[in-house]
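A.B. asks:
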Amino acid sequence: MTSTEELNTNETTSPRQIISFCERTVNIFRLNLNETEDLKKTSLGRLDFTNTSKLDVKLPFNKHFSKSIPKLYQLTSLNVQLTTDYTNQSDLRVLLEQAPNLHTLSVLCPTKTTLKYFLAVINNPSILKLNLPKAVSLTDGIFYNIEQCVAFSHSPLGKQCEILTIIVQNKECIIHLINEMNNLRLLIVDSFDENYVNSVSSYRKCQNLFAWLKLTLPSTIKIAEYDCCHEDRIRLWIR
Numbered sequence: 013m014t015s016t017e018e019l020n021t022n023e024t025t026s027p028r029q030i031i032s033f034c035e036r037t038v039n040i041f042r043l044n045l046n047e048t049e050d051l052k053k054t055s056l057g058r059l060d061f062t063n064t065s066k067l068d069v070k071l072p073f074n075k076h077f078s079k080s081i082p083k084l085y086q087l088t089s090l091n092v093q094l095t096t097d098y099t100n101q102s103d104l105r106v107l108l109e110q111a112p113n114l115h116t117l118s119v120l121c122p123t124k125t126t127l128k129y130f131l132a133v134i135n136n137p138s139i140l141k142l143n144l145p146k147a148v149s150l151t152d153g154i155f156y157n158i159e160q161c162v163a164f165s166h167s168p169l170g171k172q173c174e175i176l177t178i179i180v181q182n183k184e185c186i187i188h189l190i191n192e193m194n195n196l197r198l199l200i201v202d203s204f205d206e207n208y209v210n211s212v213s214s215y216r217k218c219q220n221l222f223a224w225l226k227l228t229l230p231s232t233i234k235i236a237e238y239d240c241c242h243e244d245r246i247r248l249w250i251r
């Protein structure tokens, strides 16, 4: 049975509590590590989460923790929350280097500029599923325009990705991703179109996009049944 526990370090958390928690070796592990004197004194090398299959982390790491990450051979799913501090790239790189069998990567990012810098450090050939959820709302500009879609599709991660969840600027971006990502099998996508956002309801926008895709895409693309009232993304299966 998969177990889930959460550890947040604060000024009242003792080193022994941290070690005792981690030695239980849960399958799904969430860490929110802060700079505290107790954590600095902790024997981090004794922390054991090597059997973890899913890890949720927020960058940056505590600098002491980042030096003691073991090989995570069982880790297949990683959720990363990024900040605007580009120096945190090294933390992400260290973590990815320790996860040779990582299959799914989800990235929550404050800005698309930050996201661009962090995606540049990802070269794990095992990553086949990428989730790029919006940070706050579509109006914050967390979407990919055509230039960024072109750059992503030509990147190592874009070439190997089989399942992609993304928000794009317009319908042209959707067509490009389908045509240029040779290994793509499933595209879960929403389109941020300013013309629709400013003139019609979100429900109508979804209906229009769904209808346009059905008319435009070839028969090799299957569009999953879509409920505009309860879903904010369209699923496109590429045969």
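Just add 12 to wherever you are in the sequence shown, counting from 1, and you've got our numbering. We put the beta carbon where it would ideally sit given N, CA and C, even for glycine.
Less than 8 Å separating the beta-carbons of C173 and L196?
C.D. replies: Sequence index remark: in the sequence shown, residue 173 carries index 161 (1-based). Sequence index remark: in the sequence shown, residue 196 carries index 184 (1-based). In contact: C173 and L196 (Cβ atoms closer than 8 Å).
A.B. asks: Pick helix, strand or coil for T37, following the three-state DSSP scheme.
C.D. replies: In the sequence shown, residue 37 corresponds to position 25, counting from 1. Reliability of the predicted coordinates at T37 is poor, the pLDDT of 43 falling under 50, and no value is obtained from them.
A.B. asks: Measure from the alpha carbon of S138 to the alpha carbon of each residue in T64, I179 and Y85, then state which is nearest.
C.D. replies: Looking up residue 138 in the sequence shown gives position 126. The shortest Cα separation from S138 among T64, I179 and Y85 belongs to Y85.
A.B. asks: Can you find the residues in the same chain that come closer than 6 Å, C-beta to C-beta, to I175, ignoring five residues on each side of it along the sequence?
C.D. replies: For the purposes of this step, residue 175 is taken as residue 163 along the sequence shown, with counting starting at 1. Cβ within range, chain order: K141 and L198.
A.B. asks: When we look at the beta-carbon of L225 and count the other beta-carbons within 10 Å, is it buried (16 or more) or exposed?
C.D. replies: What you label residue 225 is simply residue 213 of the sequence shown in a count that begins at 1. The residue is buried, with at least 16 neighbouring Cβ atoms inside 10 Å.
A.B. asks: With distances taken from CA atoms, which of L229, C121 and R251 is nearest I178?
C.D. replies: Position 166 of the sequence shown, counted from the start, is the residue given in the question as residue 178. If we check each option's Cα against that of I178, C121 comes out closest.
A.B. asks: State buried or exposed for T62, treating a residue as buried only when at least 16 other CB atoms are found within 10 Å of its CB.
C.D. replies: Position 50 of the sequence shown, counted from the start, is the residue given in the question as residue 62. When all chains shown are included, T62 counts as exposed.
A.B. asks: Let me know if T64 comes out buried or exposed under the rule of 16 or more other beta-carbons within 10 Å of its beta-carbon.
C.D. replies: Here the question's residue 64 lines up with position 52 in the sequence shown. Buried.
A.B. asks: When the Cα atoms are used, what is the spatial distance from H166 to M193?
C.D. replies: The count along the sequence shown starts at 1 and reaches residue 166 at position 154. The count along the sequence shown starts at 1 and reaches residue 193 at position 181. About 8 Å.
A.B. asks: On a Cα-Cα basis, can you pick out the residue from N136, T116, H188 and K217 that is closest to I158?
C.D. replies: Here the question's residue 158 lines up with position 146 in the sequence shown. For I158, the nearest C-alpha among the options comes from H188.
A.B. asks: Run through DSSP, which three-state label would I139 get?
C.D. replies: Walking along the sequence shown from the start, residue 139 turns up at place 127. Coil at I139, not helix or strand.
A.B. asks: Would the beta-carbon of S203 fall within 8 Å of that of L221?
C.D. replies: Taking the sequence shown and counting its residues from 1, the one referred to as residue 203 is at position 191. Taking the sequence shown and counting its residues from 1, the one referred to as residue 221 is at position 209. Taking 8 Å as the Cβ cut-off, S203 and L221 qualify as a contacting pair.
A.B. asks: For I81, report the span of its beta strand (DSSP E) as first-last.
C.D. replies: In the sequence shown, counting from the first residue as 1, residue 81 sits at position 69. Note, I81: premise wrong, no beta strand (DSSP E); not H, not E.
A.B. asks: Considering only residues of the same chain and omitting the five flanking positions on each side of A223, which have a CB-CB separation below 7 Å?
C.D. replies: Sequence index remark: in the sequence shown, residue 223 carries index 211 (1-based). Once the five neighbours on either side are set aside, A223 has no close Cβ partner at all.
A.B. asks: Where does I186 sit, in a helix, a strand or coil, going by DSSP?
C.D. replies: For the purposes of this step, residue 186 is taken as the residue at position 174 of the sequence shown. If DSSP states are grouped into helix, strand and coil, I186 belongs with the helices.
A.B. asks: Give every residue of the same chain whose Cβ lies closer than 6 Å to the Cβ of K234, excluding the five residues on either side of it in the sequence, and list them in chain order.
C.D. replies: Position 222 of the sequence shown, counted from the first residue, corresponds to residue 234. Excluding sequence neighbours, K234 sits near W249.
A.B. asks: In terms of residues, what are the limits of the beta strand (DSSP E) holding R247?
C.D. replies: The residue given as residue 247 occupies position 235 in the sequence shown. That run of the beta strand (DSSP E) goes I246 to I250.
A.B. asks: Which value, in whole angstroms, describes the spacing of the CA atoms of N207 and N182?
C.D. replies: Looking up residue 207 in the sequence shown gives position 195. Looking up residue 182 in the sequence shown gives position 170. Its pLDDT being 49, under 50, N207 is placed unreliably by the model, and nothing is read from it.
A.B. asks: What does the Cβ neighbour count give for K83, buried or exposed, with the cut at 16 atoms within 10 Å?
C.D. replies: Numbered from 1 along the sequence shown, position 71 holds the residue referred to as residue 83. Label assigned to K83: exposed.
A.B. asks: Is it buried or exposed, A111, if we count other Cβ atoms within 10 angstroms and call 16 or more buried?
C.D. replies: Here residue 111 refers to the residue found at position 99 of the sequence shown. When all chains shown are included, A111 counts as buried.
A.B. asks: Around the C-beta of N94, are 16 or more other C-beta atoms found within 10 angstroms, so that it is buried, or is it exposed?
C.D. replies: Counting from one through the sequence shown, the residue named residue 94 turns up at place 82. Looking at the sequence shown, residue 94 is not Asn but Leu. Its Cβ being crowded by 16 or more others within 10 Å, L94 is buried.
A.B. asks: What number of angstroms, rounded off, separates the C-alpha of V92 from the C-alpha of K217?
C.D. replies: Position 80 of the sequence shown holds residue 92. Position 205 of the sequence shown holds residue 217. Roughly 30 Å between the two C-alpha positions.
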